[in-house]
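Here the structure is laid out as structure tokens; the discussion comes afterwards.
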Amino acid sequence: MRMTKNRSNEGVAGSDCSRRAILSGAAAAPFLIVPRHVLGGGGAPPPSDRLNLACIGVGAQGTRVMLDFLKQPDVQVTAVCDVNREGDDYSEWGDNELRNKVRSVTGAFSWGDQFKGCVAGREPAKRIVELYYGSHTTSGQYGGCTAYNDFRELLSKQSGIDAVVIGTVDHWHAPIAIAAMKAKKHVYCQKPMAHAVGEARRMAEVARESGTANQVAIGNSASEDTRLLQEWIAAGAIGPVRRVENWSTRPFWPQGIDRPADVQPVPDGLDWNLWLGPAFERPFNHVYLPFVWRGWYDFGAGALGDMGQYSFDTIFRVLKLAAPTTVEASSTKPFKETYPAASVVHFEFPARENMPAVTVNWYDGGLRPQTPPELDGLKSGEDNEGVLFIGDRGTMMCGFHGQRPRLIPEAKMSAFEPPPKTLPRSPGHYREWIEAAKGGPSAAANFGFESAVAQAILLGNIAVRTQEKLRWDSTAMKVVNSAAAQELVMPPYRGNWG
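In terms of the numbering used here, the sequence shown opens at residue 1382 and continues consecutively.
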């Protein structure tokens, strides 16, 4: 896919509250017509079975996820929140990708015609919600979605919400998720789960304390392919696994750069101070957003944070991993404020249950492991991103999200007799969280599981920054051999955000 590079905010909380009742020509109507499934008529879920949802962070990615939840029959989006009012210069996957998805979901086939580029922000998100629900009414109108700047105001005023979806910049994930869980709201959070190791640990603790349903946006946690990998390797398809190779072509955003010297005007409608939030103050510049914030230490988690929570989720499940004991990294030229252009990170995990100690190697920036002798070149897309499980009796390969699992070479796969399916199958990634919020079993990608994954990849980022081999005491949450690295386990927040 091609990422078009536009500039705007990727969405987070803001400060002043803005609420508009969009009733179009029905502004003077004495009552509000609501969608069929709000009332529970015509076979739709009754209100008591419906999950009332607020979407916090509705930039491009947040809007995509919001559209997915709009289509869920037992979910009602009642509020949106973003620090940016509106912009038409967001990033998207391919020409008009987001615009076309909005049109497909809402049926509003002229959506976005008036904008030059990809439009997102709290006001467009509000309009999308009301277009969608309005299309289910006899009047074609609906005014039941409230737009907020500030997630704190949303949580205090929007008493009827049951759950929140977080689609903000990485450094906002933990503060918003923790506040929401303390308010007894269920939480769906974009990856990476957190921006710092200590945040990931705390999010899991608050999730347990609050009793809320939670999930990180890792779709492969619910996939059939992930379960097949678990079953095949557990059955001994390649013997004990002692090494894993995992590679990605990310980043395709700028890294290995210095802070710009110039100061640019803050775009109209963007609250820059609230976008920064717990991050330390700096002048606005378009090199930080949208999307390109991923390359900056203060805001994003680099290639490993962006993509590693996907692949490491599968690796952790298949090999029953917990915390690494050591993490070591090498990279291209290091920079003070941004991740390097390319890096390699080595994780050592101890023996567990009936499995031996294992090394997991991560490569990004176009670097990748040596092609295994069983392959005549990498195939089926894995030349860009993929995973190799290397066991005592063979090698298994899959895509970055666990897709297309197979033994290599092909002759081994052709002769392979898969073991019986023993693991429960998933109703779907979104459905897992929705059902958990209604009292069902926890989602596979719950904060308890994903916290360990996030802590590992974020330790990898610390190793990249310090260029040291780190020895990790997970119980004490301490890097035992580096004071500099330990300071990065839970960096301080700015001002009153800590």
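Virtual Cβ for every residue (Gly too), placed ideally from N, Cα, C.
If contacts are defined as beta-carbon pairs under 8 Å, then residue i and residue j qualify, I think. What distance do you get, rounded to the angstrom?
{"i": "Asp1606", "j": "Pro1786", "result": "5 Å"}
{"i": "Val1439", "j": "Ala1501", "result": "6 Å"}
{"i": "Val1860", "j": "Val1870", "result": "7 Å"}
{"i": "Ala1703", "j": "Ala1615", "result": "So it is not a contact: roughly 17 Å between Cβ atoms."}
{"i": "Glu1766", "j": "Thr1630", "result": "6 Å"}
{"i": "Pro1659", "j": "Pro1573", "result": "About 16 Å separates the two Cβ atoms, so there is no contact after all."}
{"i": "Ala1577", "j": "Met1584", "result": "The Cβ separation is near 10 Å, so there is no contact."}
{"i": "Ala1558", "j": "His1810", "result": "About 18 Å separates the two Cβ atoms, so there is no contact after all."}
{"i": "Pro1750", "j": "Asn1742", "result": "7 Å"}
{"i": "Ile1838", "j": "Gly1681", "result": "The pair is not a contact, with the Cβ atoms about 12 Å apart (cut-off 8 Å)."}
{"i": "Val1461", "j": "Val1510", "result": "7 Å"}
{"i": "Val1699", "j": "Leu1840", "result": "About 20 Å; that fails the 8 Å criterion."}
{"i": "Gly1637", "j": "Thr1713", "result": "6 Å"}
{"i": "Glu1473", "j": "Ala1441", "result": "6 Å"}
{"i": "Leu1748", "j": "Ala1732", "result": "That belief does not hold up - the Cβ atoms of Leu1748 and Ala1732 are roughly 28 Å apart, past 8 Å."}
{"i": "Gly1493", "j": "Arg1508", "result": "Not confirmed; about 11 Å, so no contact."}
Nearest to residue i by alpha carbon, out of the options?
{"i": "Cys1570", "options": "Val1870, Leu1840, Asn1827 and Val1834", "result": "Asn1827"}
{"i": "Gly1746", "options": "Leu1685, Arg1484 and Cys1499", "result": "Leu1685"}
{"i": "Gly1835", "options": "Val1699, Arg1582, Val1673 and Leu1512", "result": "Rather than Gly, the amino acid found at residue 1835 in this sequence is Ala. Nearest option by C-alpha distance: Arg1582."}
{"i": "Ile1843", "options": "Leu1748, Asn1666, Phe1728 and Ala1824", "result": "Phe1728"}
{"i": "Leu1651", "options": "Glu1467, Arg1875, Gln1751 and Ala1441", "result": "Glu1467"}
{"i": "Ala1792", "options": "Thr1776, Gly1780, Lys1701 and Asn1742", "result": "Thr1776"}
{"i": "Ala1564", "options": "Ala1642, Glu1849 and Gln1539", "result": "Gln1539"}
{"i": "Arg1812", "options": "Ile1599, Tyr1678, Gly1829 and Asp1687", "result": "Ile1599"}
{"i": "Pro1788", "options": "Asp1643, Arg1806, Leu1769 and Pro1805", "result": "According to the sequence as given, residue 1788 is Leu; it is not Pro. Comparing Cα-Cα distances from Leu1788 to each of Asp1643, Arg1806, Leu1769 and Pro1805, the minimum goes to Leu1769."}
{"i": "Ala1544", "options": "Val1456, Ser1537 and Val1568", "result": "Val1568"}
{"i": "Arg1445", "options": "Ala1824, Cys1526 and Val1546", "result": "Val1546"}
{"i": "Ala1588", "options": "Leu1839, Glu1868 and Ala1818", "result": "Ala1818"}
{"i": "Ile1619", "options": "Asn1666, Phe1797, Arg1480 and Trp1814", "result": "Phe1797"}
{"i": "Phe1633", "options": "Leu1657, Arg1623 and Phe1672", "result": "Phe1672"}
{"i": "Glu1626", "options": "Gly1876, Cys1779, Ser1807 and Gln1442", "result": "Cys1779"}
{"i": "Lys1717", "options": "Met1562, Gly1689, Arg1623 and Pro1641", "result": "Pro1641"}
{"i": "Ser1491", "options": "Glu1504, Tyr1471 and Leu1512", "result": "Leu1512"}
{"i": "Pro1872", "options": "Leu1479, Asp1643 and Phe1661", "result": "Phe1661"}
{"i": "Gly1498", "options": "Asn1477, Val1456, Asp1649 and Glu1590", "result": "Asn1477"}
{"i": "Tyr1720", "options": "Leu1756, Gly1676 and Lys1566", "result": "Gly1676"}
{"i": "Ser1591", "options": "Met1562, Gly1617 and Glu1580", "result": "Met1562"}
{"i": "Arg1533", "options": "Asn1595, Lys1507, Ile1437 and Leu1840", "result": "Ile1437"}
{"i": "Thr1856", "options": "Thr1706, Ser1807, Gly1841 and Gln1442", "result": "Thr1706"}
{"i": "Glu1504", "options": "Thr1527, Pro1646 and Met1858", "result": "Thr1527"}
{"i": "Pro1664", "options": "Asp1679, Pro1646 and Tyr1678", "result": "Pro1646"}
For residue i, write down the residues that DSSP places opposite it in a beta bridge.
{"i": "Thr1740", "result": "Arg1624 and Glu1729"}
{"i": "Thr1707", "result": "Glu1729 and Arg1852"}
{"i": "Asn1481", "result": "The partner list for Asn1481 (beta bridge, DSSP) is empty, contrary to what the question assumes."}
{"i": "Trp1677", "result": "Thr1719"}
{"i": "Cys1436", "result": "Val1461 and Val1546"}
{"i": "Tyr1380", "result": "The chain is shown only over 1382 to 1879; residue 1380 falls outside these bounds and no answer can be derived."}
{"i": "Cys1526", "result": "Paired residues: none, contrary to the question."}
{"i": "Ser1712", "result": "Ser1724"}
{"i": "Leu1651", "result": "Asn1465"}
{"i": "Val1870", "result": "In the DSSP output, where bridge partners are listed per residue, Val1870 has none listed."}
{"i": "Lys1859", "result": "Asp1854"}
{"i": "Ala1501", "result": "Gly1468"}
Take residue i and list the residues in its own chain whose beta-carbon comes closer than 7 Å to its own, dropping the five residues that flank it on each side.
{"i": "Thr1847", "result": "Ser1863, Ala1865 and Ala1866"}
{"i": "Asn1601", "result": "Thr1607, Tyr1691, Asp1694, Thr1695, His1782 and Gly1783"}
{"i": "Gly1854", "result": "Per the sequence presented here, residue 1854 reads as Asp, with Gly not at that position. Counting only Cβ-Cβ distances below 7 Å, and skipping sequence neighbours, we find Val1861."}
{"i": "Gly1802", "result": "Just to set this straight, residue 1802 is Lys in the shown sequence, not Gly. So the qualifying residues of the chain are Glu1612."}
{"i": "Phe1496", "result": "Asp1469"}
{"i": "Leu1804", "result": "Arg1608, Gln1611 and Glu1612"}
{"i": "Val1486", "result": "Leu1448, Leu1451, Lys1452 and Tyr1513"}
{"i": "Gly1521", "result": "Gly1515"}
{"i": "Glu1763", "result": "Met1778 and Gly1780"}
{"i": "Glu1849", "result": "Ser1863 and Ala1866"}
Within a Cβ cutoff of 6 Å, which residues of the same chain sit near residue i, ignoring the five residues on either side of it in sequence?
{"i": "Tyr1887", "result": "A query on residue 1887 cannot be resolved here, the shown segment of the chain reaching from 1382 to 1879 and no further."}
{"i": "Ala1402", "result": "Reliability fails at Ala1402, whose pLDDT of 31 lies under 50, so the model's placement of it is uncertain and the value that follows must be treated cautiously. Excluding residues within five positions, the ones whose Cβ falls inside 6 Å are Gly1524."}
{"i": "Val1597", "result": "Cys1570, Lys1572, Met1574, Ala1826 and Glu1831"}
{"i": "Leu1420", "result": "In this prediction, Leu1420 scores a pLDDT of 46, lower than 50, which makes its location untrustworthy; the coordinate-derived value is nonetheless stated afterwards. Cβ neighbours of Leu1420 beyond the five flanking positions: none."}
{"i": "Ala1595", "result": "The residue you asked about is not Ala; residue 1595 is Asn in the sequence shown. Same-chain partners within the cutoff: Val1568, Ala1588, Asn1827 and Phe1828."}
{"i": "Ala1824", "result": "Gln1596, Glu1813, Trp1814 and Ala1817"}
To which residues of the same chain is residue i closer than 8 Å at the C-beta, ignoring the five residues directly before and after it?
{"i": "Gly1541", "result": "Asn1433 and Thr1459"}
{"i": "Pro1621", "result": "Met1736, Pro1737, Gly1772 and Asp1773"}
{"i": "Arg1623", "result": "Pro1737, Ala1738, Val1739, Thr1740, Ile1771, Gly1772 and Asp1773"}
{"i": "Asp1687", "result": "Lys1572, Pro1573, Arg1631, Pro1632, Arg1675 and Gly1681"}
{"i": "Asp1643", "result": "Asn1666"}
Is there at least one non-hydrogen atom of the ligand FAD closer than 7 Å to the beta-carbon of residue i?
{"i": "Leu1512", "result": "The ligand content of the structure shown is nil, which means the ligand FAD is not present either."}
What are the start and end residues of each continuous beta strand (DSSP E) run of 3 or more residues lying completely inside the segment 1751-1823, in chain order? Correct list: 1767-1772, 1775-1779 and 1787-1789.
Fully enclosed by the segment 1442-1490, which alpha helix (DSSP H) runs are 4 residues long or longer? Along the length of the segment 1442-1490, whole alpha helix (DSSP H) runs at least 4 residues long occupy 1478-1487, reported in chain order.
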